[in-house]
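Numbering (our numbering), first residue to last: 1 to 427.
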RNA sequence: GGCGUGGUGGCAGAGUGGUUGAAUGCACCGGUCUUGAAAACCGGCGGGCCCGAGAGGGUCUCGUGAGUUCGAAUCUCACCCACGCCGCCA
């Protein structure tokens, strides 16, 4: 949630800032916010003045009762003004409800330095690793998965539907190995607290991180309980400290979790439907940090570096993109995507997204900290990064590690976890 | 699922209609004392919003929402959550 006070102090600056998102509805929402906030404050002043008068009269009633003096005249005026206050309060509440609805649909302000434009304007910040030259035609992962017996997508579709992968044998073991490798890396080397959160969350949590109310169509919902399958562990992790005031000395808070993620991918039909690139259920190790606002830019670089370290240890060539204004997610102020090279499909695959949300999620989820003992609470800044998403990482591992004989060489870091340095075709 | 008990400030815990945003203790902050620390003593100490240049002032808030009343933490109703016992189940 954006800061309404910032909007009303300089509405034109707010409009200009949001215009960068190239999203008409965002500006429309902002227009409503400005008008509703004006009316809200006008009504609030009225209500409070009336209440102040009534409180004084009420105290006088109490005094007279104690002194056994008559108070009928006061009781009559209080009764009348009571109805007036009641009406004004109802008006105020309607305004606040409406204001909040619009506010929840306004995206975050972007950091100044990110490029303007749509996805085509995304900026390559750096590239790591060497794209391998093949002396044979590199095969796509779905062919490798078939010959190596790693996954069985038709049967996954039979059990559930398209986009619900079934991993088998060494493939299933590779998933488990990645989970252990990544959790060990982030907890032991990078200092994250390992967390195993619930996979179902309520509306308040999804509103806190920004998925609701706007993106309900992208979520799987359990109608009987009004709970949702998590689209990312970002949701439960960030909400752990919802409605809390943290001790400033405890920041930054760093948490890592391995969870499945569920996404309906509504509206993405026909795009990347083959293989493991776009699926409805996938595993991911997620990193979340709650930090002091003045450190959030350096924290953003740090969390990005943590995700990059995973790709480096997996020996996967990747590039880092700074997303352009028009391509940055609703809640994010600045996002770095990590894209691993996949020679089989011949493209860069997003395997991680590292974002700073500034105080946007903290306002929605009401996560604050006390900068010093007895000081006023302030909102934290929240950040997260995939560290990393499994299916596309597996795609990159298979397609980069493939040999002419059909086997796949695994990176050294994974060998102890998988128990072999090479995946061999089924005999 | 059934029956029962309960939800008060960072924690513990008073408070059953009238200056109670809330006693008291702990924790925390400042000070006195001390070579220093501890103890002791003195003082301070929830959060949101609004007005105000500021000083300051106002208002709301005792799980959430609605209601009764001139007035509610205190009464009524609904909902949510936690705990206990029973049932069911891994």
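Don't be surprised by glycine CBs; every beta carbon is placed ideally from N, CA and C.
Enclosing beta strand (DSSP E) for residue i [first to last residue]
i           : result
residue 328 : Note, residue 328: premise wrong, no beta strand (DSSP E); not H, not E.
residue 180 : Unbroken run through residue 180 is the alpha helix (DSSP H), 170 to 184; no beta strand (DSSP E).
residue 190 : Element bounds for residue 190: n/a, residue is neither H nor E.
residue 386 : 381 to 389
residue 227 : 227 to 229
Option in the options with minimal Cα separation from residue i
i           : options            : result
residue 382 : 362, 400, 392, 398 : 362
residue 252 : 342, 297, 289, 144 : 289
residue 461 : 349, 230, 260, 298 : Residue 461 lies beyond the stretch modelled for the chain, which goes from 1 to 427, so this question has no answer here.
residue 324 : 316, 334, 373, 152 : 334
residue 4   : 287, 103, 107      : 103
residue 328 : 357, 27, 176       : 357
residue 145 : 78, 406, 94        : 406
residue 168 : 80, 386, 150       : 150
residue 6   : 277, 296, 359      : 359
residue 301 : 322, 281, 283, 250 : 322
residue 82  : 48, 100, 99, 115   : 48
residue 385 : 401, 235, 313      : 235
residue 266 : 161, 369, 260, 215 : 215
residue 272 : 423, 158, 346      : 346
residue 45  : 24, 89, 80, 127    : 89
residue 182 : 31, 210, 308       : 308
residue 313 : 170, 120, 129      : 129
Start and end residues, alpha helix (DSSP H) containing residue i
i           : result
residue 355 : Careful: residue 355 lies outside any alpha helix (DSSP H), inside the beta strand (DSSP E) at 347 to 356.
residue 284 : Segment 281 to 291 is the beta strand (DSSP E) holding residue 284; no alpha helix (DSSP H) there.
residue 97  : 72 to 103
residue 318 : Premise fails: residue 318 lies in the beta strand (DSSP E), 318 to 322, not in any alpha helix (DSSP H).
residue 360 : 360 to 365
residue 417 : 415 to 418
residue 52  : 24 to 66
residue 300 : 296 to 313
residue 203 : 203 to 209
residue 8   : 4 to 9
residue 376 : Segment: none, residue 376 is in no alpha helix (DSSP H) and carries neither H nor E.
residue 430 : Limits of the chain in this structure are 1 at one end and 427 at the other, which puts residue 430 out of reach.
residue 118 : Neither: residue 118 is in no alpha helix (DSSP H) and is coded neither H nor E.
residue 147 : 141 to 148
DSSP bridge partner residues for residue i (one or two, in chain order)
i           : result
residue 402 : 408
residue 257 : 195, 286
residue 240 : For residue 240, which the question treats as bridged, DSSP gives no partner whatsoever.
residue 128 : 318
residue 17  : In the DSSP output, where bridge partners are listed per residue, residue 17 has none listed.
residue 245 : 368
residue 338 : 320, 352
residue 166 : Residue 166 is not bridged to any residue.
residue 262 : 281
residue 422 : 409
residue 222 : 227
residue 276 : Beta-bridge pairing links residue 276 to no other residue.
residue 200 : 229
8 Å contact criterion, which residue i and residue j should meet: CB distance rounded
i           : j           : result
residue 389 : residue 351 : 5 Å
residue 105 : residue 51  : Residue 105 to residue 51, Cβ: 31 Å. No contact.
residue 193 : residue 255 : 5 Å
residue 27  : residue 15  : 6 Å
residue 262 : residue 220 : 5 Å
residue 195 : residue 257 : 5 Å
residue 43  : residue 92  : 5 Å
residue 275 : residue 141 : 5 Å
residue 380 : residue 291 : 6 Å
residue 33  : residue 317 : The Cβ separation is near 44 Å, so there is no contact.
residue 371 : residue 248 : 5 Å
residue 38  : residue 99  : So it is not a contact: roughly 10 Å between Cβ atoms.
residue 147 : residue 426 : 7 Å
residue 218 : residue 188 : With a Cβ gap of about 34 Å, residue 218 and residue 188 do not count as contacting.
residue 368 : residue 377 : 4 Å
Any non-hydrogen atom of the ligand MN within 7 Å of residue i CB
i           : result
residue 262 : For the ligand MN, the structure offers nothing, since it holds no ligand at all.
Counting pairs of Cβ atoms below 8 Å between the region 341 to 350 and the region 390 to 401, do you hit three or more? Taking one beta carbon from each stretch, the region 341 to 350 and the region 390 to 401 have 3 or more pairs nearer than 8 Å; the two touch.
For the region 222 to 233 and the region 198 to 213, state whether three or more C-beta atom pairs, one from each stretch, are separated by less than 8 Å. Between the region 222 to 233 and the region 198 to 213, the count of Cβ pairs shorter than 8 Å is three or higher; the stretches touch.
Is there contact here, the region 239 to 257 with the region 134 to 152, by at least three beta-carbon pairs under 8 Å? No, because fewer than three Cβ pairs between the region 239 to 257 and the region 134 to 152 fall closer than 8 Å, the two stretches do not touch.
Does the region 395 to 415 come close enough to the region 174 to 186 that 3 or more CB-CB pairs lie under 8 Å? As far as the Cβ criterion goes, the region 174 to 186 touches the region 395 to 415, which means the pair count is three or higher.
Contact between the region 140 to 155 and the region 58 to 77: three or more CB pairs below 8 Å? Inter-segment contact for the region 140 to 155 and the region 58 to 77 is absent: fewer than three beta-carbon pairs are separated by less than 8 Å.
Check whether the region 110 to 117 touches the region 13 to 23, taking contact to mean three or more Cβ pairs, one atom from each stretch, closer than 8 Å. Taking 8 Å as the limit for Cβ pairs, the verdict is that the region 13 to 23 does touch the region 110 to 117.
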